[in-house]
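Read through the structure below, which is laid out as structure tokens, and then see the notes.
Chains as they are written, first to last, in the numbering used here: chain Y, 265 to 468; chain Z, 265 to 468.
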């Protein structure tokens, strides 16, 4: 399946979002075009990469189409992740309950504050940071949400990388300096606001 | 300044992140190359759009360079935003204290639960959703962090758009269907995990 190009992957990921709330309905390429802005030619070409029978002349079955994308993108097996840094943001993501239905398993949380680890209410086990390598290896954890303050982010990320983590969603205000084998998605809220700001009208 | 291309804007935004924690130090184009992966030719070309004197042969002064990018991208005047949906995630962002130094002012929070609006501890005034249009207009609010559940996201976004909001950071698991004048950044955590997953090794 590695013939799927990066732009097609990005579009299929976005299409999954569109389908997330479409339920079991039929969705036409015209409707997808309206919601995404892509041409129906592009949409049909992207979907052709999925193979199999994902639709009829009446439209695509949203549930079957989503399943086909999941499979083509390797999202059809369970992926395990952890949360590092259990302040307000980390705690919010700790208690979010939409991971499982999407195939993601939150396995553990870590914080440098042993007290916080002991008293915080959590649906998954929490550990002090010094147990990170052991727990990540034991649970086979592949990814992490990094929710620590900026001044702790690089060090925490290095510990995660050393423990075998392969991907990090980075909520800290820092560009992480890691080896080429670790994938990072930057999700710092101020960066999101900046990126919006440069699109606002009457600006430049 | 609208001759700055979108890719250059994106790189300048990313460069700001690199500079965020560089303090007042000198940073060379070689160091920027190492942290970003861009060629030093690209870096020098991007920086040339900023005009003025941002560096010497010894390297760029990080603080001056950041100020020049801020100005070129229109990030040098205060931008006002609000938070809609004050559950765990919205509350976490409500109490984050890194906005002001970056030129963003959190002006208000909104929630449909009047009780929550009354009892939640907050550094800014909170309002029930039905006051949204009035408050957004009164405070001149331009952007919103949308932290409501998926089933409320489209309706909340439409209310924001009707009230004059121009940009939304969307944390909900829904693709928003809004007019072409509203800019949306999607920041749903499961989408971030999916996007990481498709990059993981040994996958496709």
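Positions of the beta carbon are idealized from the N, C-alpha and C atoms, including for glycine.
The structure presented is a predicted model; accordingly, all values stated were derived computationally and were not measured.
Of the listed residues the options, nearest to residue i (C-alpha basis)
i, options, result
"residue 425 (chain Y)", "Y:437, Y:436 and Y:443", "Y:443"
"residue 377 (chain Z)", "Z:394, Z:387, Z:389 and Z:363", "Z:394"
"residue 412 (chain Z)", "Z:452, Z:429, Z:427 and Z:431", "Z:452"
"residue 414 (chain Y)", "Z:298, Z:282, Z:275 and Z:272", "Z:282"
"residue 438 (chain Y)", "Z:274, Z:373 and Z:278", "Z:278"
"residue 390 (chain Y)", "Y:429, Y:419, Y:345 and Y:428", "Y:345"
"residue 310 (chain Y)", "Y:429, Y:303, Y:272 and Y:446", "Y:272"
"residue 454 (chain Y)", "Z:350, Z:419, Z:369 and Z:402", "Z:369"
"residue 399 (chain Z)", "Z:419, Z:379, Z:428 and Z:305", "Z:428"
"residue 367 (chain Y)", "Y:343, Y:384, Y:385 and Y:380", "Y:343"
In DSSP terms, what residue i is bridged to
i, result
"residue 408 (chain Y)", "Y:346 and Y:432"
"residue 369 (chain Y)", "Y:344"
"residue 325 (chain Z)", "Z:290"
"residue 308 (chain Z)", "Paired residues: none, contrary to the question."
"residue 447 (chain Z)", "Z:431"
Residue i versus residue j: straight-line alpha-carbon distance, rounded
i, j, result
"residue 284 (chain Z)", "residue 371 (chain Z)", "24 Å"
"residue 348 (chain Z)", "residue 457 (chain Z)", "23 Å"
"residue 434 (chain Z)", "residue 361 (chain Y)", "18 Å"
"residue 341 (chain Z)", "residue 365 (chain Y)", "42 Å"
"residue 276 (chain Y)", "residue 449 (chain Z)", "17 Å"
"residue 397 (chain Y)", "residue 404 (chain Y)", "10 Å"
"residue 387 (chain Y)", "residue 462 (chain Y)", "39 Å"
"residue 330 (chain Z)", "residue 408 (chain Z)", "25 Å"
"residue 459 (chain Y)", "residue 410 (chain Y)", "21 Å"
"residue 447 (chain Y)", "residue 421 (chain Y)", "11 Å"
"residue 327 (chain Z)", "residue 299 (chain Z)", "17 Å"
"residue 436 (chain Z)", "residue 417 (chain Z)", "6 Å"
"residue 265 (chain Z)", "residue 406 (chain Y)", "Here residue 265 (chain Z) scores only 45 on pLDDT, less than 50, and its place in the model is too uncertain to base an answer on."
"residue 297 (chain Z)", "residue 440 (chain Y)", "14 Å"
"residue 423 (chain Z)", "residue 382 (chain Z)", "21 Å"
"residue 302 (chain Z)", "residue 308 (chain Z)", "10 Å"
"residue 269 (chain Z)", "residue 374 (chain Z)", "36 Å"
"residue 350 (chain Z)", "residue 392 (chain Z)", "11 Å"
"residue 432 (chain Y)", "residue 445 (chain Y)", "11 Å"
"residue 384 (chain Y)", "residue 402 (chain Y)", "22 Å"
"residue 430 (chain Z)", "residue 464 (chain Y)", "7 Å"
"residue 380 (chain Y)", "residue 419 (chain Y)", "20 Å"
"residue 339 (chain Z)", "residue 280 (chain Z)", "11 Å"
"residue 306 (chain Z)", "residue 267 (chain Z)", "16 Å"
"residue 318 (chain Z)", "residue 304 (chain Z)", "16 Å"
"residue 363 (chain Z)", "residue 274 (chain Z)", "20 Å"
Simplified DSSP assignment, three categories, for residue i
i, result
"residue 392 (chain Z)", "strand"
"residue 375 (chain Y)", "strand"
"residue 298 (chain Z)", "helix"
"residue 276 (chain Z)", "helix"
"residue 271 (chain Y)", "helix"
"residue 354 (chain Z)", "helix"
"residue 335 (chain Z)", "helix"
"residue 317 (chain Y)", "coil"
"residue 460 (chain Y)", "helix"
"residue 414 (chain Y)", "helix"
"residue 440 (chain Z)", "coil"
"residue 423 (chain Y)", "helix"
"residue 385 (chain Z)", "coil"
"residue 468 (chain Z)", "Because residue 468 (chain Z) sits at a pLDDT of 39, beneath the cut-off of 50, its placement in the model cannot be relied upon, and the point is left open."
"residue 401 (chain Z)", "helix"
"residue 303 (chain Z)", "coil"
"residue 361 (chain Y)", "coil"
Open item on the list: If contact is defined by three or more beta carbon pairs under 8 Å, each pair taking one atom from either stretch, is the stretch 348-356 of chain Y in contact with the stretch 347-358 of chain Z?
Closed with: yes
Open item on the list: For the pair the stretch 320-335 of chain Z and the stretch 287-304 of chain Z, tell me if three or more CB-CB distances fall below 8 Å.
Closed with: yes
Open item on the list: Quick test of the definition: if touching needs 3 or more C-beta pairs under 8 Å, does the stretch 327-343 of chain Y touch the stretch 308-315 of chain Y?
Closed with: yes
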